[in-house]
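Q: Got a structure here, written out as structure tokens. Questions coming.
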Amino acid sequence: MNEGEMMYNGPRHKVILYFETLGFKCPHGRDVADYLLALSTNQQYKYQAALPPGMAKHPRLASEFAKYFRESSLYSDIVEELASPIDKEIVERVGENMDPMPEFRQTLWENIRTLTWRQLIIILRNAAFIRVRTFMVVVMGLIYGSTFYDVDPTNVQVGPSFAESDIYGGPCHLLQAAFYRTCAWVIANSIALVPQALGEILVFATLVYWMCGFAATAAAYIIYLILLLLTNLVFASWFFCLSAMSPNLNIAKPMSTCSIVFFILSLV
1 MNEGEMMYNG PRHKVILYFE TLGFKCPHGR DVADYLLALS TNQQYKYQAA
51 LPPGMAKHPR LASEFAKYFR ESSLYSDIVE ELASPIDKEI VERVGENMDP
101 MPEFRQTLWE NIRTLTWRQL IIILRNAAFI RVRTFMVVVM GLIYGSTFYD
151 VDPTNVQVGP SFAESDIYGG PCHLLQAAFY RTCAWVIANS IALVPQALGE
201 ILVFATLVYW MCGFAATAAA YIIYLILLLL TNLVFASWFF CLSAMSPNLN
251 IAKPMSTCSI VFFILSLV
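If you want it as structure tokens, here you go:
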């Protein structure tokens with residue numbers, strides 16, 4: 001599959017031979033998966049070979065590959081097999097072996113626990129993102145802290161607490177998968193955000209709170225941390241919801257920006 005187009009669907013041992021009929025050659029020792037991923041991209045020229053008779057040029061777009069596949073004998077065999085009557089013995093086996101099986105192998109809570117651990121591993125493995133995120137949090141904390149440095153509490157203005165929420169949330173796409181419940185993935189993703197958000201809040205809020213000259217008491221500082229953490233998680237969930245409802249990133253980003261403007265104007 002590529003860009004919603006089916007470039008090939010059939011036996012694995014025939015995939016290399018099939019694309020050779022389209023004028024592509026997989027070099028000896030080359031990983032087949034890398035070879036297939038390069039097709040219909042700007043890297044496919046590395047694998048272009050002599051064109052077979054009857055072809056004027058190599059296919060370049062995913063739609064062109066899909067067109068050739070629909071015209072192939074493999075596609076005809078698949079359509080013919082799907083159109084043939086289903087064996088009664090197979091239907092009986094499905095009723096005996098498949099129907100009693102639950103839709104999901106794990107319970108909801110097991111799903112949430114497994115996916116939470118998975119999300120935490122994904123976050124921890126992305127060391128480059130963590131380094132860049134840490135640097136950004138420190139820089140933004142210094143910027144906001146210096147902007148509202150020793151602020152006069154009687155001055156009516158948009159406070160830094162709301163402005164801080166803008167640097168955290170970002171659109172992310174909800175991917176459908178048949179291996180687990182969607183609600184379990186959403187809950188696990190939200191739980192996995194808490195440790196990351198807590199670490200960022202401790203750095204960011206410490207810089208802003210003391211540079212702005214807020215109340216120098218432990219209780220006020222802890223309340224400030226809690227409010228900022230909740231604000232962070234709420235906005236992250238809000239952007240997550242917007243991106244899940246949006247068909248693509250080009251719509252999710254403007255919707256997120258408009259929602260931020262709405263929240264800012266509602267506080268002015």
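When we follow UniProt numbering, the leftmost residue of the sequence shown carries the number 1, and every step to the right adds one. In this text, a Cβ means the ideal position worked out from N, Cα and C, and glycines have one as well.
#1: With H, G and I counted as helix, E and B as strand and the rest as coil, what does DSSP make of residue 5?
#2: Between which two residues does the alpha helix (DSSP H) harbouring residue 183 extend?
#3: Got a sec? Which residues, its chain only, sit under 6 Å from residue 116 by beta carbon, not counting five neighbours each side?
#4: With H, G and I counted as helix, E and B as strand and the rest as coil, what does DSSP make of residue 355?
#5: To the nearest angstrom, how far is it from the Cα of residue 119 to the Cα of residue 221?
#6: With distances taken Cα to Cα, identify the nearest neighbour of residue 47 among 66, 67 and 26.
#7: First and last residue of the alpha helix (DSSP H) that includes residue 106?
#8: What span of residues does the alpha helix (DSSP H) with residue 226 cover, start to end?
#9: Do residue 53 and residue 22 come within 8 Å of each other at the CB atom, strictly closer than that value?
#10: Within 8 Å, do at least three Cβ pairs link the stretch 223-237 to the stretch 204-214?
#11: List the residues that DSSP assigns as beta-bridge partners of residue 19.
#12: What is the residue span of the alpha helix (DSSP H) that residue 84 lies within?
#13: Are residue 101 and residue 145 touching if we call contact CB-CB under 8 Å?
#14: Is residue 29 buried or exposed, if buried means 16 or more other CB atoms sit within 10 Å of its CB?
#15: Using CA atoms only, rank isn't needed, just tell me which of 247, 235, 121 and 245 is closest to residue 261.
#16: What's the C-alpha gap between residue 89 and residue 196?
#17: If you reduce the DSSP assignment to three classes, tell me which class residue 148 lands in.
#18: So what does residue 65 bridge to, in DSSP terms?
#19: For residue 264, is the classification buried or exposed, using 16 other Cβ atoms within 10 angstroms of its Cβ as the cut-off for buried?
#20: What do you reckon, are the CB atoms on residue 62 and residue 5 nearer than 8 Å?
A: Looking at the atomic coordinates:
#1: Reduced to three states, the DSSP call for residue 5 is strand.
#2: For residue 183, the enclosing alpha helix (DSSP H) covers residues 182-212.
#3: Answer for residue 116: 188, 191 and 192, listed in chain order.
#4: The requested residue 355 is not part of the displayed model; the chain covers only 1 to 268.
#5: Inter-residue distance for residue 119 and residue 221 is about 30 Å (C-alpha atoms, whole angstroms).
#6: Among 66, 67 and 26, the Cα nearest to that of residue 47 is on 26.
#7: Segment: none, residue 106 is in no alpha helix (DSSP H) and carries neither H nor E.
#8: It spans 218-245 - the alpha helix (DSSP H) in which residue 226 sits, taken as one unbroken run.
#9: The Cβ-Cβ distance between residue 22 and residue 53 does not fall below 8 Å.
#10: Cβ pair count under 8 Å is three or more, so yes.
#11: According to DSSP, which records beta bridges pairwise, residue 19 is partnered with nothing at all.
#12: Neither: residue 84 is in no alpha helix (DSSP H) and is coded neither H nor E.
#13: Taking 8 Å as the Cβ cut-off, residue 101 and residue 145 do not qualify as a contacting pair.
#14: Classified as exposed, residue 29 has fewer than 16 neighbouring CB atoms from the shown chains inside 10 Å of its CB.
#15: Put simply, of 247, 235, 121 and 245 the residue whose alpha carbon is nearest the alpha carbon of residue 261 is 235.
#16: Roughly 53 Å separates the two Cα atoms.
#17: Residue 148: coil per DSSP, three-state reduction.
#18: According to DSSP, which records beta bridges pairwise, residue 65 is partnered with nothing at all.
#19: Exposed, because fewer than 16 other Cβ atoms sit within 10 Å of the Cβ of residue 264.
#20: Yes. Within cutoff.
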